[in-house]
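Under numbering that gives the first Met the number 0, the first residue of the sequence shown carries the number 0, and numbering increases by one thereafter.
Below is one structure, written out as structure tokens, with a few remarks after it.
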Amino acid sequence: MHENTFDIFGLGRTEADAAVVLVPVAFRLTTSYGGGCEDGPRAIAAASPQLDFHDRRFGDVDERGIFMRPEDPEIRSLGLSNLDLAERARSAGDPGARDAVNAASERVFAFVRRQTGEILDAGRLPGVIGGEHAVAEGCIVEAAARHPGLGVLQIDAHMDLRASYEGFDRSHASVMHNVLRSEAVGSLVQVGMRDCCVEETRAARSDERVRVFFADDLADRGFRGESFASVASEIVSALPDDVWISFDIDGLEPSLCPGTGTPVPGGLSFAQASHLLHRLAVSGRRVVGFDLTEVAPSETGSDRDSIDAIVGARVLYRLCGAALLARERLTAPAG
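Set out below in structure tokens:
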């Protein structure tokens, strides 16, 4: 059943000796523009061994142990085998096709939730690697069930607050709408948003749990001379004690992720995203897990030379570093 085992970062770890356990979810079905994100986990894994592992922000992250579970080929097939049905649902409004797409997405939700629960039960930090952003719902909902009041830090170009999109209940454009249906989710702090619809902005205004740091506002504050360090402090201050990081790669400026399915001009630089993760890690909050989604290797490059994969591997390493540093600071002996 399982294949495509990844030696992430070339560390040779087993799950038993890893502090962070990654779940690759090679699922694409509801994406509405560009494709390829199902190859994100493979591309990241292929690029990952060429990193130098001493991170000046987060230390020697590799020494704590990172392991990626095998890819489940049934999850990949579940998405790709239903792409024709998804197109039929869009173009012809076929209710049977729409229902089949929703059923496939429901199966992936259950798969991700189960995998996340297993990792949390073992006392390890879960990281879910997509695939489309819709796969994040299962891991966030499972983490929130175990950490009521959980805050979600979402780095993204899109708000993902549509009640549904193109008739699909678990669309990549609806993931945070679905997450907020869980009463265990205490807050959603969105950073870098620059493409949204009226429905989404109304949804954010009507839910006191949601705080949005729009990209235009972040830029204006910088133009007025405000440092990103002060902005990052404000972002972190809006989060509760327990945090899940949901990192859609299109939250970065598109020169860093040209292959992603819905790139948008603007976005965070790699340095800004890294600074924000570090501020969170040293804030005294607990990072209970994370997801990284929508990495798609550019069509012009192989997995190994795609800037998308190279950046994705480095974002992943710093997500691991942020989660581990936050945990270590919380468990360090006083004094």
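C-beta: ideal position from N, C-alpha, C; glycine also.
Burial state of Asp-155 (16 or more Cβ within 10 Å): buried
Supposed close pair Arg-284, Ala-325 - CB separation, criterion 8 Å: Contact check for Arg-284 and Ala-325: beta-carbon distance about 6 Å, within the 8 Å limit, so the pair qualifies.
Boundaries of the beta strand (DSSP E) in which Ile-416 is found, first to last residue: Given that the chain is displayed from residue 0 to residue 334, the structure contains no residue 416 and the question cannot be resolved.
Environment of Asp-51 [buried if 16+ CB atoms lie within 10 Å]: Burial call: exposed.
Assigned secondary structure, Phe-8 (DSSP; H/G/I helix, E/B strand, else coil): helix
Selected residue, minimal CA-CA separation from Ser-297, among Ile-309, Phe-5 and Asp-290: Ile-309
Proximity below 8 Å, CB of Thr-30 to CB of Glu-117: no
The beta strand (DSSP E) enclosing Ser-186, as first and last residue numbers: 184-192
Buried versus exposed call for Met-0 [16 or more other C-beta atoms within 10 Å across all chains shown]: With a pLDDT of 36 at Met-0, under the threshold of 50, the modelled position of that residue is not reliable, and no figure is offered here.
Counted within 10 angstroms of its Cβ, other Cβ atoms place Ala-15 as buried (16 or more) or exposed: Counting Cβ neighbours within 10 Å, Ala-15 comes out exposed, since fewer than 16 surround it.
Inter-residue CB distance, Val-263 and Asp-249 (contact presumed, cutoff 8 Å): 6 Å
Contact under 8 Å by Cβ, His-188 with Gln-153: Per the sequence shown, residue 188 should be read as Val rather than His. Closer than 8 Å, so yes.
Nearest-angstrom Cα separation, counted from Ile-7 out to Gly-39: 13 Å
Neighbour-count burial assignment, Arg-63, 16 or more Cβ in a 10 Å radius: By the 10 Å Cβ count, Arg-63 comes out buried.
Three-way DSSP call (helix, strand, coil) for Met-175 in this model: helix
Expected contact under 8 Å - CB spacing of Cys-36 and Gly-260 to nearest Å: 6 Å
Tyr-164 burial status per 10 Å Cβ neighbour count (16 or more: buried): Tyr-164 comes out buried.
From Ile-139, Leu-255 and Gly-92, residue whose alpha carbon lies closest to that of Phe-167: With respect to the C-alpha of Phe-167, the residue from Ile-139, Leu-255 and Gly-92 having the closest C-alpha is Gly-92.
Secondary structure, alpha helix (DSSP H): runs of 4+ residues fully inside the segment 192-280: Listed in chain order, they are 197-205, 214-222, 227-236 and 269-280.
Alpha helix (DSSP H) segment containing Asp-290, residue limits: Where Asp-290 is concerned, there is no enclosing alpha helix (DSSP H), although the beta strand (DSSP E) it sits in stretches over 285-292.
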